[in-house]
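Sequence lines, in order, name chains G and C.
Read left to right, the first sequence gives residues 1 to 450 (full-length UniProt numbering).
Read left to right, the second sequence gives residues 1 to 450 (full-length UniProt numbering).
Ideal Cβ placement from N, Cα and C applies to all residues, glycine included.
Protein chains: 2
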Amino acid sequence: MKVAKFGGSSVANAEQLKKVANIIQSDADRKIIVVSAPGKRNSDDIKVTDLLIDLGEAYRLGQSHEQELQRVVDRFEAILEELHLSKDVLHDIQTRVRKIFNDGNDLATKLDAIKAIGEDSLAKILSEYLVSLGMHARYVNPKEAGLILSDQPGSAQILDESFKLIHQLTKHDEIMVIPGFFGYTKEGKLVTFSRGGSDITGSIVAAGVKADLYENFTDVDSVYCVNPQIVKNPKEITSLTYKEMRELSYAGFSVFHAEALIPAFKERIPVCIKNTNNPGAKGTMIVNEKAETNQAVVGIASDTGFVSLYVSKYLMNREIGFGRRLLNILEDEGISFEHTPSGIDDLSVIIRENQLTEEKEAIVINRINKELKPDTVYIDRRLALIMIVGEGMHSFVGTAAKATKAFEEADVNLEMINQGSSEVSMMFGIKEEGVKRAVQSLYRVFFEEN
Amino acid sequence: MKVAKFGGSSVANAEQLKKVANIIQSDADRKIIVVSAPGKRNSDDIKVTDLLIDLGEAYRLGQSHEQELQRVVDRFEAILEELHLSKDVLHDIQTRVRKIFNDGNDLATKLDAIKAIGEDSLAKILSEYLVSLGMHARYVNPKEAGLILSDQPGSAQILDESFKLIHQLTKHDEIMVIPGFFGYTKEGKLVTFSRGGSDITGSIVAAGVKADLYENFTDVDSVYCVNPQIVKNPKEITSLTYKEMRELSYAGFSVFHAEALIPAFKERIPVCIKNTNNPGAKGTMIVNEKAETNQAVVGIASDTGFVSLYVSKYLMNREIGFGRRLLNILEDEGISFEHTPSGIDDLSVIIRENQLTEEKEAIVINRINKELKPDTVYIDRRLALIMIVGEGMHSFVGTAAKATKAFEEADVNLEMINQGSSEVSMMFGIKEEGVKRAVQSLYRVFFEEN
């Protein structure tokens, strides 16, 4: 049994839904379908979920919201017309919105219910469409599917008991179309995951039914080994391990959130990234383990927006608890850190820039000076991190040499190298302005000069 | 005014003391002389301090200790005879030992008093010898010099008020010979620094009198850029900064303990390492700042006996406080750590092997599993750290590339690279068996191929 999840661009309009139907029809194992809300049809378009957020916002402000609602209805109406389906769903949406705005729930719960309308309506439409094509399909509400979530509107978490319930889906024989992004609390209240939550639903359902494969349909043929905005027509990755995916997605790989995959990872369900617009392409497989490779590096990722907090104190390494007390201050101030490279008498803490506003900076520096009495403390902003990732990396003596040579050839100074903590990656810190040059040079060295 | 400190090999016998006297006589600025106890005269010899420790040990065990005392007396007698000095000192030693063993002090204090006899007697002998050569010299007891220490026998610390007192020495005109290694508590009790404490005395006195130069006489012409036991006839370092010295001495540079230099560093007193056996050689200057250099790396150091504690947990970097809690456990168990390289979901802690006995290891692993619930935790033993050090390092784009190439050429795999936390060093972790090969290759790349 396969679980196939179709993202926003795959269900953006009737034309896309026809492709989706073809994909479902072409493989009898595709039994469980998870869908997003319709995404953008072109770059100027607005996603249905954003239209729904606007609708909720208008309500929150006490403004008229007829126009916002109409825009949502229009999107679905265009789809229904082209697919020659009944327009009952449109009426449902309008009734439902009215009901939500008039029920006694708190605002956060109301807004979650509004946001979920996109996925929910699309799932209904797709199942009707499949039936109209003669397939044995039906819409399955997340409550029926067994998605029981914690009572945290907008950022709900799956509860462990769900998986056993979800497994019941394997008893059914028809194609089940489940809307992504939301579920229900034990008390029966609709709550959503965080944004992008359809991926989470897909991964949870795949884990629950112990699928043979979790297919994640998107609009690219596969995952590229480097950001295509930095390197033109980069190589495709045919196979990745979970660990590699996780490290790559940490720094700028935006195929999907690594977190979304945790449930599938835990059950060791293989994941395949495929293209709705080119379903014949092989796609990228994400697996638990892969065969030995003669390739040290599978991907290069980069991300900007980091700062480094540098603290030095003579004989720091003799002071038991120094590092811990520094991290304590950060924790106290609600700052999570990324890395803590340390020297003999120096410690740097790498933090995402958005975690350290200028106000926070002043507080943190002040506390460090007062509580740790360092010789030096300063902040370096505008740093970029570049990661090269590959399970095969550690069996090649020359990987570090190759990588550092690439930076030298790009004339980019290394502010930081962090290798050895992770078994599948090597991390480099540089000034933001060198990031494009450095990534291009790394691509040349690892993917073109072989 | 210069403060000159002579180490154990420089005062091992009469022949050496003649060299010392020449050195003192040759420069009128050498006003304050700090001496160690006589060291080894040849590789089979025993240092006087070790003889004194044996003496104390015999006393502690309630055994006869005449023989141990006699060996101490014999060492000094040989010196006195060859220098044609009165033997009063020998009688003093015997009386003093008897007095110490019979006083009412606790054992630790008695043992400190015994250990201090080596430096104290040698200082008396040297001052008499200088006088016999016609110099205006005298022995100055550390109490008179102003060395007031905390009441921690065997590991006493200098008290801040000492420096003002020590500064009074500048008022005197004669050559003052001060025994190293010990001082007195406020209550007048003799206490010693930790082993190697003559270096500490020298540095403290140099800081107190705000010397123009602190000369540290030893038995090498200068500091070498790499361990001569690994690379034959390596290049000498003519000038080092405090920071460079500190990083080098952390990993296997045994010229002296970096801690000993702190008082001098704080007062920015330049330090010169010189050779008693070849005082004409330029030596190595250790300074606060040095001129711009076209040399990225000044030295390579290496040390073995490290372990790495590896902890991984999926989504670790989202868990605020994870790293802090790990360090907390180590602190709780009295383990100080050296470095904490971290990946996305991984954290390694580098610890000196002697800090982590197998018993401690079991406790620590158990606590980590219970309190942090990681996915993986394991210990890697038998690691070596190699540091390349140089203030100029960061202005050279290619330093990391050069270094990693050296490891590749030596066919040594890099377990860890840590660069960027310290501004003057780059650290590499490898398996112990590769250390010689790797250091030789680094030497070739940084010191021979230029």
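Distance between G/E77 and G/K87 (C-alpha atoms, nearest Å): Along the first sequence, one-based indexing puts residue 87 of chain G at 87. Along the first sequence, one-based indexing puts residue 77 of chain G at 77. Using only the alpha carbons, I get a separation of about 7 Å.
Would you kindly report the start and end of the unbroken alpha helix (DSSP H) that includes C/G56? As a working note, residue 56 of chain C is residue 56 in the second sequence. Per DSSP, C/G56 belongs to the alpha helix (DSSP H) from V48 to R60.
Between which two residues does the alpha helix (DSSP H) harbouring G/D380 extend? In the first sequence, the residue the question calls residue 380 of chain G occupies position 380. No alpha helix (DSSP H) contains G/D380, which is instead part of the beta strand (DSSP E) from T376 to V389.
Using beta carbons (cut-off 8 Å, strictly below), is G/N320 in contact with chain C? For the purposes of this step, residue 320 of chain G is taken as residue 320 along the first sequence, with counting starting at 1. Correcting the residue type first, residue 320 of chain G is Ile in the shown sequence and not Asn. For G/I320, the answer is yes, since a Cβ of chain C falls inside 8 Å of its Cβ.
Express the C-alpha separation of C/S198 and G/F447 in angstroms, rounding to a whole number. Counted from its first residue, the first sequence places residue 447 of chain G at position 447. Counted from its first residue, the second sequence places residue 198 of chain C at position 198. Their backbone Cα atoms lie some 58 Å apart in a straight line.
When the distance is taken between beta carbons, is C/L147 closer than 8 Å to C/I204? Counting from one through the second sequence, the residue named residue 204 of chain C turns up at place 204. Counting from one through the second sequence, the residue named residue 147 of chain C turns up at place 147. Yes, the Cβ-Cβ distance between C/I204 and C/L147 is below 8 Å.
For C/A108, the nearest candidate out of C/L133, C/P153, C/T218 and C/D92 (CA to CA): Residue mapping note: residue 108 of chain C aligns to position 108 of the second sequence, counting from 1. Nearest of C/L133, C/P153, C/T218 and C/D92 to C/A108, Cα basis: C/P153.
So which residues of chain D does G/G398 contact, with C-beta pairs closer than 7 Å? Here the protein chains are G and C, and chain D is not one of them.
State the CB to CB distance for the pair C/V209 and C/I32, rounded to an integer number of angstroms; the pair is presumed to be in contact (CB under 8 Å). Here the question's residue 209 of chain C lines up with position 209 in the second sequence. Here the question's residue 32 of chain C lines up with position 32 in the second sequence. Between C/I32 and C/V209 the Cβ distance is about 6 Å, and since that is below 8 Å, they are a contact.
Who are the near neighbours of C/L356 in its chain, counting only those whose CB is closer than 6 Å to its CB and skipping five residues on each side? The count along the second sequence starts at 1 and reaches residue 356 of chain C at position 356. Result list for C/L356: V307, in chain order.
Check this for me: beta carbons of C/I379 and C/L327, under 8 Å apart or not? Position 379 of the second sequence, counted from the start, is the residue given in the question as residue 379 of chain C. Position 327 of the second sequence, counted from the start, is the residue given in the question as residue 327 of chain C. No. Outside cutoff.
Taking the continuous beta strand (DSSP E) assigned at C/N275, which residues delimit it? Walking along the second sequence from the start, residue 275 of chain C turns up at place 275. Looking at the DSSP string, the run of the beta strand (DSSP E) that includes C/N275 is V271 to N275.
So, at 6 Å on beta carbons, what are the nonlocal neighbours of G/I350 in its own chain, with the 5 sequence-adjacent residues on each side left out? Translated into the one-based positions of the first sequence, residue 350 of chain G becomes position 350. Closer than 6 Å at Cβ, skipping near neighbours: F306, S308, E338 and H339.
Counting only Cβ pairs nearer than 7 Å, list the residues of chain G close to C/P341. Looking up residue 341 of chain C in the second sequence gives position 341. Near C/P341 (Cβ distances below 7 Å), the residues of chain G are P341, N418, G420 and S421.
Beta-carbon gap between G/F396 and G/F428 smaller than 8 Å: Walking along the first sequence from the start, residue 396 of chain G turns up at place 396. Walking along the first sequence from the start, residue 428 of chain G turns up at place 428. No, the pair does not count as a contact, with Cβ atoms beyond the cut-off.
Of the choices G/L414, G/V191 and G/R324, whose alpha-carbon is the least far from that of G/K143? Looking up residue 143 of chain G in the first sequence gives position 143. Nearest option by C-alpha distance: G/V191.
Residues that C/K5 bridges to, as DSSP identifies them: Taking the second sequence and counting its residues from 1, one reaches residue 5 of chain C at position 5. DSSP, once it has assigned bridges, lists C/V34 and C/N216 as partnering C/K5.
Taking only three categories from DSSP, how would you classify G/T284? Counting from one through the first sequence, the residue named residue 284 of chain G turns up at place 284. Strand, per DSSP.
Using a C-beta cutoff of 8 Å, does residue 456 of chain G count as contacting chain C? Absent from the model: residue 456 of chain G. The displayed extent of chain G is 1 to 450, so no value can be given.
What separation, rounded to the nearest whole angstrom, lies between the Cα atoms of C/E433 and C/R381? Looking up residue 433 of chain C in the second sequence gives position 433. Looking up residue 381 of chain C in the second sequence gives position 381. Cα-Cα distance, rounded: 12 Å.
Thinking C/L83 and C/Y129 are a contact (beta carbons under 8 Å), I'd like their distance in whole angstroms, please. The count along the second sequence starts at 1 and reaches residue 83 of chain C at position 83. The count along the second sequence starts at 1 and reaches residue 129 of chain C at position 129. Contact between C/L83 and C/Y129 is confirmed by a C-beta separation of about 5 Å, below the 8 Å threshold.
Rounded straight-line distance, which links the Cα of C/S342 to that of G/S348: For this step, residue 348 of chain G is matched to residue 348 along the first sequence. For this step, residue 342 of chain C is matched to residue 342 along the second sequence. If you take the alpha carbons of G/S348 and C/S342, they lie about 11 Å apart.
C/P228 to C/G39 span [Cα, whole Å]: Here residue 228 of chain C is taken as the residue at index 228 of the second sequence, counted from 1. Here residue 39 of chain C is taken as the residue at index 39 of the second sequence, counted from 1. Straight-line Cα distance between these residues: approximately 21 Å.
Output yes or no for whether 8 Å exceeds the beta carbon distance between residue 538 of chain G and G/K110. This structure does not reach residue 538 of chain G, given that chain G is present from 1 up to 450, and the question cannot be answered.
Cβ separation of C/L169 and C/V35, assumed to be a contact under 8 Å, to the nearest whole Å: Taking the first residue of the second sequence as 1, we reach residue 169 of chain C at position 169. Taking the first residue of the second sequence as 1, we reach residue 35 of chain C at position 35. No, C/L169 and C/V35 are not in contact; Cβ-Cβ is about 15 Å, not under 8 Å.
Chain-ordered chain C contacts of G/N141 [CB-CB under 8 Å]: For the purposes of this step, residue 141 of chain G is taken as the residue at position 141 of the first sequence. Those within 8 Å of G/N141 in chain C number zero; the least Cβ separation is about 29 Å.
Below 8 Å between beta carbons: does that hold for G/M1 and G/D212? Working through the first sequence from its first residue, we reach residue 1 of chain G at position 1. Working through the first sequence from its first residue, we reach residue 212 of chain G at position 212. It is a contact, given that the beta carbons lie within the stated cut-off.
Is the Cβ of C/G197 closer than 8 Å to any Cβ of chain G? For this step, residue 197 of chain C is matched to residue 197 along the second sequence. With its beta carbon at least 8 Å from every one in chain G, C/G197 lies outside the interface.
Please state if the CB of C/A384 and the CB of C/T284 are separated by a distance shorter than 8 Å. Within the second sequence, residue 284 of chain C is the residue found at index 284, counting from 1. Within the second sequence, residue 384 of chain C is the residue found at index 384, counting from 1. Taking a C-beta distance under 8 Å as the contact criterion, C/T284 and C/A384 do not qualify as a contact pair.
Taking CB distances under 8 Å as the criterion, tell me whether C/T404 reaches chain G. If you number the second sequence from 1, residue 404 of chain C lands on position 404. Closer than 8 Å: yes.
Interface residues of chain G around C/E247 at Cβ under 9 Å? Numbered from 1 along the second sequence, position 247 holds the residue referred to as residue 247 of chain C. The answer, in chain order, is G343, I344 and D345.
Within the continuous alpha helix (DSSP H) that includes C/M245, where are the two ends? The residue given as residue 245 of chain C occupies position 245 in the second sequence. Here the alpha helix (DSSP H) through C/M245 covers Y242 to Y250.
Quick one: is C/N275 buried, meaning 16 or more other Cβ sit within 10 Å of its Cβ, or exposed? For the purposes of this step, residue 275 of chain C is taken as residue 275 along the second sequence, with counting starting at 1. It counts as buried.
Roughly how many angstroms lie between the CA atoms of G/I368 and G/R325, to the nearest whole one? Residue 368 of chain G sits at position 368 when you count from the first residue of the first sequence. Residue 325 of chain G sits at position 325 when you count from the first residue of the first sequence. The straight-line gap from Cα to Cα measures roughly 9 Å.
Please report the straight-line C-alpha distance between C/R437 and C/A410, rounded to a whole angstrom. The residue given as residue 437 of chain C occupies position 437 in the second sequence. The residue given as residue 410 of chain C occupies position 410 in the second sequence. Within the model, the alpha-carbon separation for C/R437 versus C/A410 is close to 6 Å.
When you check each C-beta in the region 11-22 of chain G against every C-beta of chain C, which residues fall closer than 9 Å? none
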